[in-house]
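K.L.:
Numbering (this note's numbering), first residue to last: 529 to 674.
1. Fully enclosed by the segment 554–622, which alpha helix (DSSP H) runs are 4 residues long or longer?
2. Only counting the same chain, and skipping five residues up and downstream in sequence, which positions put a Cβ closer than 8 Å to that of residue 625?
3. Can you list, in chain order, the residues of its chain with a C-beta nearer than 7 Å to that of residue 549? Leave out the 5 residues immediately preceding and following it.
4. Which residue marks the beginning of the beta strand (DSSP E) containing residue 533, and which one marks its end?
5. Residue 537 to residue 563, Cα distance in whole Å?
6. Whole angstroms are fine: how far does the CA of residue 566 sit from the CA of residue 544?
7. Can the beta-carbon of residue 614 be found less than 8 Å from the beta-carbon of residue 588?
8. Considering residue 548, what are the terminal residues of the alpha helix (DSSP H) in which it resides?
9. Are the Cβ atoms of residue 605 and residue 569 separated by less than 8 Å?
10. For residue 671, which of 645, 560 and 593 has the nearest alpha-carbon?
11. Between which two residues does the alpha helix (DSSP H) carrying residue 656 extend?
12. For residue 643, which three-state DSSP category applies?
13. Out of 553, 541, 540 and 547, which has the shortest C-alpha to C-alpha gap to residue 648?
14. Going straight from the alpha carbon of residue 662 to that of residue 607, what length do you get?
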C-alpha cells in the first residue's frame with residue numbers, strides 16, 4: 529500500500545470513495561457533485577487530500593485536511609475533516625496509514641496540531657484513541673446553520 533497526495537489525476541479514484549463517505553453521513557449519492565467539490569479543492573489548494581492505493585493502483589481510502597489558524601496559539605492547525613476507507617478494506621491498516629501521512633504532513637508544515645470530529649457512533653474512534661488522539665473533554669462543539 530502507498531499513501532500519496534492526491535491531484536486531479538486521482539479524481540476517478542477519489543470520487544467513488546468521497547461519494548460513499550457522504551452517503552455514510554446520510555447525504556444523497558451524487559457523483560457529479562463529489563467530482564466538482566474535490567476538483568475545486570484540489571485546483572484552489574483549499575485542502576490537502578491523501579489517497580491510499582493498493583499495489584495494483586486501486587483506491588483503498590482517503591483523508592482530507594483543511595488548514596485553519598488558532599488565534600490562541602497563534603499557529604496554524606489542520607482540521608482532518610474527512611477520512612474514509614472502502615468497507616471491504618477496513619481493518620487492514622489503511623486508516624492508520626492515512627492518519628500517519630496526515631500527521632507527517634502537518635509536522636512538516638510546522639502545524640500546532642490536527643483536529644477532527646466524528647459521529648458519536650463511529651467505530652473509527654477506537655483507531656483514533658489507539659493512535660494517541662486525545663478526546664476533548666474541556667470544550668463543547670456548537671454549530672449554527674446559515
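Note that CB positions come from ideal geometry on N, CA and C, so glycine has one too.
P.N.:
Judging by the given coordinates:
1. 559–572
2. Along the chain shown, read from residue 1 onward, the residue named residue 625 stands at position 97. Closer than 8 Å at Cβ, skipping near neighbours: 529, 531 and 580.
3. Numbered from its first residue, the chain shown carries residue 549 at position 21. Hits under 7 Å: 610 and 612.
4. In the chain shown, counting from the first residue as 1, residue 533 sits at position 5. Run containing residue 533: 530–533, per the beta strand (DSSP E) assignment.
5. Taking the chain shown and counting its residues from 1, one reaches residue 537 at position 9. Taking the chain shown and counting its residues from 1, one reaches residue 563 at position 35. Looking at the two C-alpha atoms, the distance is approximately 12 Å.
6. Indexing the chain shown from 1 puts residue 544 at position 16. Indexing the chain shown from 1 puts residue 566 at position 38. Taking the straight line joining both Cα atoms gives about 11 Å.
7. Working through the chain shown from its first residue, we reach residue 614 at position 86. Working through the chain shown from its first residue, we reach residue 588 at position 60. Yes, they are a contact pair.
8. Mapped onto the chain shown, residue 548 falls at position 20. Taken as a continuous stretch (DSSP letters only), the alpha helix (DSSP H) holding residue 548 covers 539–552.
9. Taking the chain shown and counting its residues from 1, one reaches residue 605 at position 77. Taking the chain shown and counting its residues from 1, one reaches residue 569 at position 41. In this structure, residue 569 does not lie closer than 8 Å to residue 605 by Cβ.
10. Within the chain shown, the letter at position 143 stands for residue 671. Checking every option, the nearest Cα to that of residue 671 belongs to 645.
11. Here residue 656 refers to the residue found at position 128 of the chain shown. That run of the alpha helix (DSSP H) goes 653–658.
12. In the chain shown, the residue the question calls residue 643 occupies position 115. Strand.
13. For this step, residue 648 is matched to residue 120 along the chain shown. Checking every option, the nearest Cα to that of residue 648 belongs to 553.
14. Your numbering for residue 662 matches position 134 in the chain shown. Your numbering for residue 607 matches position 79 in the chain shown. In a straight line, the C-alpha of residue 662 is about 14 Å away from that of residue 607.
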